[in-house]
Amino acid sequence: MKGQSLLFQFSFYFRKITHIAAVVWCCCVKVVAADEAVANEAAAAAQAIKDECENDLAEAIPALDAAISALNTLKPADITEVRAMKVSHTRLSSAL
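Next up, the structure:
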């Protein structure tokens, strides 16, 4: 009789623990789904910012390349000539 009582208790607690585990699992799934939705929204916003930055960069790179090419054509004599000018613009002076 005592053996049946222990088996009954074991069965009862096993079913109770299994039920609690299932409830906890369902709660975890809901929390993870909510977190995933928030993460997906943040990822979409980040992707939009990335796309905007890449478009802006694509527009700026040709101007940068043109500026570098223009700077590469300067010679020391060009800088000396600008410095020798009698009327000096303040922006030009600060650039040199």
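Take the sequence shown: its letter number 60 is residue 98 in our numbering, and every next letter is one higher. We put the CB at the ideal spot given by N, CA and C, even for glycine.
| Asked | Found |
| --- | --- |
| Euclidean distance between Cα positions of Val120 and Ser107 | 19 Å |
| Helix, strand or coil at Lys68 according to DSSP, with G and I counted as helix | helix |
| DSSP state of Lys113 mapped onto helix, strand, coil | coil |
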